[in-house]
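The opening residue of the sequence shown carries number 31 in my numbering; numbering runs sequentially from there.
For each residue, glycine too, the CB sits at the ideal point set by N, CA and C.
Quick caveat, the model's predicted, so the values are computed rather than measured.
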Amino acid sequence: MKANFKGQHYRTGKPIDIRVNGGRIVEVEEGLASEGEFYLAPGLVDLQVNGFKGIDFNSGLLTADEVCELTRFLWEAGVTTYLPTLITNSDEGIAKAIEAIVAACKADERVNASIGGIHLEGPFLSAEDGPRGAHPLKHIKAPDWELFRSWQKLAEGRIQLMTMAPEWPEAEGFIKKCTASGVLVSIGHTAASPLQIQTAIGAGATMSTHLGNATHLSLPRHENYIWEQLASDKLWASIIADGFHLPKAMLEVFVKVKKGRCILVSDCTKFAGLAPGSYDSHIGGRIELSKEGRLFIKEEPKMLAGSAQSLAWCVDHLTNSGILPLSEALDMASVKPMELLGANKALGLTKGASADFIVFERRADTIEIVRTVKSGATVYQR
């Protein structure tokens, strides 16, 4: 498939002409295209998607058709690669969700190309209130390599990212086995001591999942698991920059300290993309989505009920808050996640890179997706 795409480069603002053949970028020329009003940027990459527009990966009733439909919704939001994220559930519940994702990948080639793997967030998490977050206590358990292997076999090797709490006695050996098998291990939903964090890093953990969230309400001011992860140059950090999960000052500190090793995730639930209002959730009960975009438990308004915003929203928040320029925020939501996943060295809008990109315009300080291109093919057109 051959195609040409023109617009303004998201970093330089200069006209850019991208030529695509066989799903890859074969030539990039600047200064030759008509500037127009549209920008070109790499496709967004979201490593933590729990659901979108009413479809929930963790409902227990997930179908292959729903996985395909959700993928199309994400294309509309500019996401060209994502990791369906399965949270703590029964062994059978996780297995059924994996089966639906695999079936979707086999049924639709473009869906398969867009699903960069599966993110397993649990059930090997902290059982303590706070760090556990909304994960059901009854299914929390110690790391179990044989159980994980059974899920990975069912997934046909698609589990790419494992979020776990490293304080379990079994954690060190489990992390080593995951790493040896090519699975990225991320520290999250943890109450670990600094020493346990260091041990996990030594065993091969390379990331922190939504750093600063899923924590105790109060922590020791000096020695705690946030400082320990923030201080490590070996750990990447994913953050939820929707304007509700972390305050501005914390976002500023995280992106400065983790510069070059910080990525954005939406951690979006099935309520992302829905209209403001009251909803029922199998996690949290009755919840409310405000007109400002905040998702919270109706009876406890101070308690968040997850994220209801897209990755593009997070990019806009970092930019509009003055924390980062648009180009850097976009890199944290596209090139950097692919770098973490160990993708081809040719990334972004460069020759040899996969032709995954978005055409967008900025209106009222908001990214508005005009076109989404996956492997050289237009999968969404406004």
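Query - For L341 and F301, the rounded distance between their alpha carbons - result: Roughly 14 angstroms between the two C-alpha positions.
Query raised in the report: Where does the unbroken alpha helix (DSSP H) through L265 begin, and where does it stop?
Result: Element bounds for L265: n/a, residue is neither H nor E.
Query raised in the report: Using CA coordinates, which residue listed in K278, V287, H252, E358 is at the minimum distance from L265?
Result: Of the residues K278, V287, H252, E358, the one whose Cα lies closest to the Cα of L265 is V287.
Query raised in the report: What first and last residue would you give for the beta strand (DSSP E) that runs through V215?
Result: According to the DSSP assignment, V215 belongs to the beta strand (DSSP E) that extends over 214-217.
Query raised in the report: Which whole-angstrom value is the C-beta distance of A359 and L348, which I expect to be below 8 angstroms?
Result: Sure, about 4 angstroms apart at Cβ, within 8 angstroms.
Query - Cross-strand partners of A71 (DSSP beta bridge) - result: Answer by DSSP bridge pairing, in chain order: I388.
Query raised in the report: Any C-beta of chain C sitting closer than 7 angstroms to the C-beta of H246?
Result: Among the chains of the structure shown, chain C does not appear; only one protein chain is present.
Query raised in the report: Quick one, which of N374, G163, P173 has its alpha-carbon nearest P153's?
Result: Of the candidates N374, G163, P173, P173 places its Cα closest to the Cα of P153.
Requested in this report: Please specify which runs of the beta strand (DSSP E), each continuous and at least 3 residues long, are wholly inside the region 78-162, giving them in chain order.
Outcome: The DSSP assignment places complete beta strand (DSSP E) segments of no fewer than 3 residues inside the region 78-162 at 109-117, 148-151, in order along the chain.
Query raised in the report: What separation, rounded to the nearest whole angstrom, lies between the Cα atoms of I399 and A107?
Result: Cα to Cα, the separation comes out at about 7 angstroms.
Query - Contacts around L356, its chain only, beta-carbon distance under 6 angstroms, and the 5 residues preceding and following it disregarded - result: The beta carbon of L356 sits closer than 6 angstroms to the beta carbons of T349 from its chain, once the five residues preceding and following it are set aside; these are given in chain order.
Report task. Within the same chain, show all residues whose beta-carbon is closer than 6 angstroms to that of N51, passing over the 5 residues directly before and after it, in chain order. Result -> Excluding residues within five positions, the ones whose Cβ falls inside 6 angstroms are K32.
Query raised in the report: Would I217 pass as a contact of A235 if the rule is Cβ separation under 7 angstroms?
Result: Yes. Within cutoff.
Requested in this report: In the DSSP assignment, find the alpha helix (DSSP H) that holds A338 and state where it starts and stops.
Outcome: Element bounds for A338: n/a, residue is neither H nor E.
Query raised in the report: In the region 159-245, which residue ranges form an unbroken beta strand (DSSP E) of at least 3 residues, counting only runs that do not cross its ends?
Result: Counting whole runs of 3 or more residues, the region 159-245 contains the beta strand (DSSP E) stretches 189-194, 214-217.
Query raised in the report: Considering A279, what are the terminal residues of the alpha helix (DSSP H) in which it resides?
Result: In the DSSP assignment, A279 falls within the alpha helix (DSSP H) that extends over 278-287.
Query raised in the report: Given a threshold of 16 other Cβ atoms within 10 Å of its Cβ, counted over all protein chains shown, does L225 qualify as buried or as exposed?
Result: When all chains shown are included, L225 counts as exposed.
Report task. Verify the contact flag: N374, CB atom, against every heavy atom of the ligand FMN, threshold strictly below 6 angstroms. Result -> The ligand FMN is not part of this structure, which contains no ligands at all.
Requested in this report: Reducing DSSP to helix, strand and coil, say where S351 ends up.
Outcome: S351 falls in the coil class under three-state DSSP.
Query raised in the report: Taking C-alpha atoms, which residue in E369, W175, W181, G187 lies nearest to I205?
Result: Taking each of E369, W175, W181, G187 in turn and checking the Cα distance to I205, the smallest one comes out for W175.
Query - Buried versus exposed, by CB contacts within 10 Å (16 or more), N119 - result: Buried, because 16 or more other Cβ atoms sit within 10 Å of the Cβ of N119.
**Report entry** Burial state of G81, where buried means 16 or more other Cβ atoms lie within 10 Å
**Finding:** Counting of Cβ neighbours within 10 angstroms places G81 among the buried residues, the total reaching 16 or more.
Query raised in the report: DSSP three-state call for E329: helix, strand or coil?
Result: Residue state, collapsed to three classes: coil.
Query raised in the report: The alpha helix (DSSP H) spanning V23 covers which residue range?
Result: No answer is possible for residue 23: the residues shown for the chain start at 31 and end at 412.
Query raised in the report: Do you know offhand how far S211's Cα is from K44's?
Result: Rounded to whole angstroms, S211 to K44 spans 43 angstroms at the Cα level.
Query - Three-way DSSP call (helix, strand, coil) for I270 in this model - result: Reduced to three states, the DSSP call for I270 is coil.
Query raised in the report: Of all the options M192, L184, A394, which has the alpha carbon lying nearest to the alpha carbon of D413?
Result: Past the edges of the chain, shown from 31 to 412, lies residue 413, and the structure says nothing about it.
Query raised in the report: Closest to Q259 by CA distance: which of P277, T239, R392, R251 is it?
Result: When each option's Cα is compared against that of Q259, the closest is T239.
Query raised in the report: G123 to A407, Cα distance in whole Å?
Result: When rounded, the distance between both Cα atoms is 34 angstroms.
Query - Enclosing alpha helix (DSSP H) for E358 [first to last residue] - result: Run containing E358: 356-362, per the alpha helix (DSSP H) assignment.
**Report entry** Selected residue, minimal CA-CA separation from S405, among I46, K36, V56, G37
**Finding:** It is V56.
Requested in this report: Give the single residue among K36, M192, V283 whose Cα lies nearest to the Cα of F428.
Outcome: The chain is shown from 31 up to 412; residue 428 falls before or after that span and cannot be answered.
Requested in this report: Could you tell me how far apart the beta carbons of A222 and E197 are, in whole angstroms, since I believe they sit closer than 8 angstroms?
Outcome: About 4 angstroms; that satisfies the 8 angstroms criterion.
Requested in this report: Taking only the alpha-carbon atoms, compute the straight-line gap between V213 and K366 and give it to the nearest angstrom.
Outcome: The alpha-carbon atoms of V213 and K366 are separated by roughly 18 angstroms.
Query raised in the report: Just how far apart, CA to CA, sit K321 and L304?
Result: About 11 angstroms.
Query - Supposed contact pair L92 and A130 - C-beta distance, whole angstroms, cut 8 angstroms - result: Rounded, the Cβ-Cβ distance is 4 angstroms, consistent with contact.
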